[in-house]
Each structure stands twice: as C-alpha cells, then as structure tokens.
Amino acid sequence: MRLLSTKNVSKSFKDELNQSGISLKEHPMIQIVPIQFKISQVNSALIFTSQNAVNIAFESADILRKIKDKNCFCVGEKTKALLKKKGLNVLKMCQNASDLSNFLIENYRKESFSFFCGKQRMKEIETSLNKYGIALNIHEIYQTNFTSKHFKTYFDGILFFSPSAVSSYFTKNTWAIDTHGFCLGSTTAKRLSQFTSNFSKAKKPSENQLMITIQQYYAKK
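Everything in the sequence shown is counted per this note's numbering, starting at 1 for the first residue and increasing by one.
Below, the structure is given as structure tokens:
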C-alpha cells in the first residue's frame, strides 16, 4: 500500500503507517510566502484560520505591538494552541470557517474584527460577516505558491491538508479511478469533491483523526 502526502507529516505519523504496512511519500504541494504589508489599524478582535497566518503575523514587530492585548477567534485546535503559546487570549475555536462565522454572527455582531489571512483563501468568513454588517478588516499577509509535480507512479491513497494543496495537485496530475483521497477539514473535502467522489474526511482536523480515518478505510478493504 502506497500513499502520497501533500505536506510533510510528523515522524510518529509516518512510523504508525509503516507499522501498518503502508509506505508514505511526501511532497509538499504548496509553499507559504510572506508578502509585504503595512497595517495602520487593528480592530478590537482578531480572526485567524491557519497556523501560517499566526506565525507570519508574529514575525512582524509592527503587528505584534498592535495585537498583543487583543482577543482572538480561530479555526482549528493547532491554531488555537499556537495562539495561546504566543500569549494571546482565544475566546472561541471552531473546527471550520462556517461554524466560526455562525458563532460570530450569533454572539459578536457588534464587535469589530481584523482577519489575518493569505491572498488565496475561502471567502466564507468575510462574505458571512459582511452580509450582517459586521465590521471586518482583511489583512493579507502571505501568499500560497503551488509546488506541484507530475507523478508517474500510482498511489493507493493521497492525503490532502488544504484546498490549495488539492488545486496544486491537479495542475499536473489526474485522478486514478482506484485512488482514495483522505482530507483534513471540510473545505479541503469540498475542493476535492470537484474532482472525485472517492475520498474520506477526518472527523476532526488533526493528524490523529486522519490516521484513524486511514486505518478504518483500509481495514474494510
């Protein structure tokens, strides 16, 4: 059994696959590149939907001065953990952008937000908040470059961790009829569904849940 991961994964993840008789090839499909930006004002609450945005924001001394005392709302347990590690207060974490948007609309409609994100992103948060007139500033602080390659070999399964990685993969590859996809997150699964219906989605966006999804799928084969 051979799998392709579209990003580098932890050693423990690879070791567990090996113990199950599954080999894994890693090839990152995207590269995160910080972009030049200048932020004159940061609103009273912050939104982060990725660890990339957190890491890049904290590389800027200018941003740090403006966000250090702000409350945060985020998507994903790892994003939450990283924000807390950086010393920020996380008021709410949701598993996906749709749930976070609904939570903010229901509970913080009078709040003003600054959303730190990449140039290539799903527009769900800004579309939803703008619909209800909720104050929102968009701060694009990185871009996502595709780093796909053409694979001549067959893979039994392919692991996707972001919608961008899905798009990148299909710039140079097609989908084999017997290949099964494994997705981390609803937005990733939604993007893959544009190319194939042969995939599974982890119940939660974590490596552990992805491993469980892989093991459960192949246990039925």
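Just so you know, even glycine gets a beta-carbon here, dropped at the ideal spot from N, CA and C.
Keep in mind that this is a model prediction, so the values were computed, not measured.
Tell me where the alpha helix (DSSP H) around residue i begins and ends.
i    : result
E124 : E124 to K131
N18  : K11 to Q19
Y169 : P163 to Y169
Just to check my reading of the structure: residue i and residue j have Cβ atoms closer than 8 Å, yes? What is that Cβ distance to the nearest angstrom?
i    : j    : result
T49  : A165 : No, T49 and A165 are not in contact; Cβ-Cβ is about 15 Å, not under 8 Å.
S162 : I56  : So it is not a contact: roughly 15 Å between Cβ atoms.
V75  : L83  : Incorrect: roughly 11 Å between the Cβ atoms, too far for contact.
I141 : P34  : 7 Å
DSSP puts residue i in a beta bridge; with which residues?
i    : result
L144 : In the sequence on display, residue 144 carries Thr and not Leu. Bridge partners of T144: I32.
E26  : S5
N96  : Answer by DSSP bridge pairing: none, since N96 is not bridged.
K201 : C183
V42  : Answer is none; V42 lacks a bridge partner.
N137 : S114
N89  : N71
What do you reckon, are the CB atoms on residue i and residue j nearer than 7 Å?
i    : j    : result
S148 : Y169 : yes
A53  : E111 : no
L88  : C94  : no
L3   : I22  : yes
A175 : T153 : Looking at the sequence itself, residue 175 is Trp, so the reference to Ala does not match. No, Cβ-Cβ distance for W175 and T153 is not below 7 Å.
T171 : F155 : no
N43  : N173 : no
L192 : F199 : yes
Y151 : T188 : Residue identity differs from the one stated: residue 151 is Phe in this sequence, not Tyr. Their beta carbons are not under 7 Å apart, which means F151 does not touch T188 by this criterion.
Assuming residue i is part of the beta strand (DSSP E), what are its boundary residues?
i    : result
N55  : No beta strand (DSSP E) holds N55; the alpha helix (DSSP H) holding it covers Q51 to A57.
L46  : A45 to F48
N208 : Looking at the DSSP string, N208 is not in any beta strand (DSSP E); the run it does join, the alpha helix (DSSP H), is E207 to A219.
I158 : G157 to F160
With distance defined between alpha-carbon atoms, name the residue in the options nearest to residue i.
i    : options                  : result
Y218 : S197, D178, T187 and D69 : D178
S167 : K203, L83 and M122       : M122
I117 : N107, A97 and L210       : Note on identity: in this sequence residue 117 is Cys, with Ile being the wrong assignment. For C117, the nearest C-alpha among the options comes from A97.
I39  : S12, H139 and K80        : H139
G157 : K190, K221 and C72       : K221
P28  : V9, Q19, F58 and R65     : V9
Q36  : Q143, K204 and L129      : Q143
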